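In what follows, a structure is listed as structure tokens, so that the remarks can point back to it.
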């Protein structure tokens, strides 16, 4: 996981230079499949298993903690997977590691009628004095090319120690990010036997640690080639359950604490954010399909920021290119990666990020830092979400009308399905309720007065939802006739209460982008503690307020436009 503090950003100027160029898929057929230029019949399996429920059950039954452990045991033998390490050796360095991953993907393909197309994405960029690098990926062709958008499951496979350009040190990188590497490989193995409408892409990226370069190369490659992407699920630090003495907030705050039942989903934006909508969809699919039958139920936490404070991951290059992308991350991390601190004693970004230790001196690891059962649960949640995206129906559009107690949602496209879900939320990152309606309209009783954020999804004959639509604001308690629009409206922050970060939204009903506008944050005594500039373009405008930790209480935030205080609301910090 890349450290994105200012000092690290400066150092990255010396670690990597210029943009990625000459992106090339070494398997041209894989590229054509991602573009949708192929005959799906060529890749139809002998036995077609295409029902979402059947696939999810198969993933649950087949994802193996032992397989995940076996991948990690091999990955550690390469000693380092530094982006610019040895590419010639058959036993050490990034070259040996990526060739082994590629060979495993080819093996999975051979076991499944050669349906999985393994490839490298080669690109040029000077990183730690090395000019050419390779991602590893595999493409599972979809059965329906009427919608050519692909679904990406990714994780970076490179590693690092304390010095970001040290290619000689031991850098096994088991949590960061051997865990994500193993997850992507296991899902490629398990999912290759099934038939999906959409094409799936399993990718292991390089040079995440030097600036998200491998993911940036792939995102740029997709943009330049015109490859459509339905969603990206990045997996980075997804196997550890132990909190370090440090950890990047928002996250664990107690050294040595254990959490094997929570996970975090990071994504950008808030109102009308397709990234947050994908995170909510992933949580909904887990809660409704997997959690009721899970041996160890998990809690999926939708986080406010794009990533942890001062940090970054490989979903961000896709986010930057306007592709929908989220990040899976363990609830607990062993360190905040600040290796410049002389007192830093955690494993992340050091040579101590290893698989485990031998406590009884019998030359066998018996205390593991990666929890294979937790990693398996993370894998299944990924696989389930990818399946529902890949086999589900098309997303509808909708309109609304309001009354004092609720609203009516009118489906305006994709009316062929007959059943739809209506998601409603107030001041949290998650939906408060998800309703099911039959026909192309339905009334939703809300009761409490105030704005609600509403979106809709289609439901097919198998009961599978589409991704949810863009959000619209329902002003419950205000009917269409009585509502008198103000030029600008300050909305309640999301989430509220909050723990570290919250989104403050302003709805501009007129074009005010030339106005001098800011949000003034004050404590309960009225002392201003921060100002956040905001541009008021027509529609919803948002800023993120990062509060930090350990100062709980009630605060106010005020919209100030051209020196005039317009509206004030309260928010609660409850870390």
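Residue numbers (the numbering used here): 3 to 577.
In this text, a Cβ means the ideal position worked out from N, Cα and C, and glycines have one as well.
No experiment lies behind these values; they were computed from the predicted model shown.
Under 8 Å between C-beta atoms of residue i and residue j
i: residue 183; j: residue 308; result: no
i: residue 80; j: residue 60; result: no
i: residue 355; j: residue 176; result: yes
i: residue 46; j: residue 145; result: yes
i: residue 466; j: residue 213; result: no
i: residue 1; j: residue 437; result: What is shown of the chain runs 3 to 577, which leaves residue 1 out entirely.
i: residue 332; j: residue 240; result: yes
i: residue 48; j: residue 115; result: yes
i: residue 161; j: residue 83; result: yes
i: residue 190; j: residue 118; result: yes
i: residue 263; j: residue 245; result: no
i: residue 158; j: residue 210; result: yes
i: residue 382; j: residue 426; result: no
i: residue 410; j: residue 445; result: yes
i: residue 178; j: residue 351; result: yes
i: residue 235; j: residue 330; result: yes
i: residue 326; j: residue 276; result: yes
i: residue 25; j: residue 321; result: no
i: residue 272; j: residue 496; result: yes
Option nearest residue i by Cα separation, candidates the options
i: residue 475; options: 155, 129, 541, 97; result: 541
i: residue 500; options: 436, 572, 471; result: 572
i: residue 408; options: 252, 450, 97, 226; result: 450
i: residue 250; options: 212, 310, 170, 529; result: 310
i: residue 528; options: 554, 238, 560, 87; result: 560
i: residue 247; options: 135, 336, 51, 43; result: 336
i: residue 33; options: 120, 109, 67, 56; result: 120
i: residue 504; options: 493, 510, 511; result: 493
i: residue 537; options: 557, 506, 556, 530; result: 506
i: residue 525; options: 517, 556, 495, 546; result: 556
i: residue 489; options: 532, 502, 508; result: 508
i: residue 606; options: 491, 521, 502; result: In the structure as shown, the chain begins at 3 and stops at 577. Residue 606 is therefore absent and cannot be evaluated.
i: residue 237; options: 453, 523, 533, 385; result: 385
i: residue 375; options: 276, 261, 443, 440; result: 261
i: residue 28; options: 135, 455, 75; result: 135
i: residue 87; options: 58, 133, 56; result: 133
i: residue 17; options: 412, 130, 51, 42; result: 130
i: residue 535; options: 519, 395, 569; result: 519
i: residue 243; options: 313, 233, 334; result: 334
i: residue 523; options: 567, 533, 515; result: 533
i: residue 257; options: 338, 440, 42, 280; result: 338
Beta bridge counterpart(s) of residue i as assigned by DSSP
i: residue 371; result: Answer by DSSP bridge pairing: none, since residue 371 is not bridged.
i: residue 226; result: None, per the DSSP bridge assignment.
i: residue 514; result: 538
i: residue 460; result: 422
i: residue 558; result: 524, 572
i: residue 453; result: 477
i: residue 412; result: 401, 443
i: residue 592; result: Because the chain is modelled from 3 through 577, residue 592 falls outside the range shown and cannot be assessed.
i: residue 548; result: 503
i: residue 151; result: Partner(s): none; residue 151 has no beta bridge.
i: residue 233; result: 153
i: residue 138; result: 122, 206
i: residue 427; result: 455
i: residue 244; result: 260
CB-CB length for residue i against residue j, believed under 8 Å
i: residue 206; j: residue 137; result: 7 Å
i: residue 171; j: residue 353; result: 6 Å
i: residue 229; j: residue 380; result: Wrong, their Cβ atoms sit about 26 Å apart, outside the cutoff.
i: residue 498; j: residue 574; result: 6 Å
i: residue 378; j: residue 90; result: Contact flag wrong, Cβ pair sits at about 35 Å.
i: residue 22; j: residue 127; result: 5 Å
- prompt: Are the region 346 to 362 and the region 288 to 296 in contact at 8 Å, needing three or more beta carbon pairs?
  reply: no
- prompt: How do the region 352 to 366 and the region 258 to 268 stand: do at least 3 beta-carbon pairs fall below 8 Å, yes or no?
  reply: Three or more Cβ pairs closer than 8 Å define a contact, and the region 352 to 366 falls short of that threshold against the region 258 to 268.
task: Mind the definition here: the region 292 to 301 touches the region 134 to 150 only if three or more C-beta pairs lie below 8 Å; say whether that holds.
output: no
message: Three or more C-beta pairs under 8 Å: does that hold for the region 189 to 196 against the region 429 to 449?
response: no
- prompt: So does the region 94 to 109 actually touch the region 411 to 419, counting three or more Cβ pairs closer than 8 Å?
  reply: no
task: Flag this pair as touching only if the region 198 to 205 and the region 153 to 162 have three or more C-beta atom pairs under 8 Å; answer yes or no.
output: yes
Any 3 or more C-beta pairs closer than 8 Å across the region 383 to 392 and the region 457 to 465: no
message: Any contact between the region 162 to 169 and the region 64 to 77? By contact I mean 3 or more CB pairs, one from each, below 8 Å.
response: Cβ pair count under 8 Å is below three, so no.
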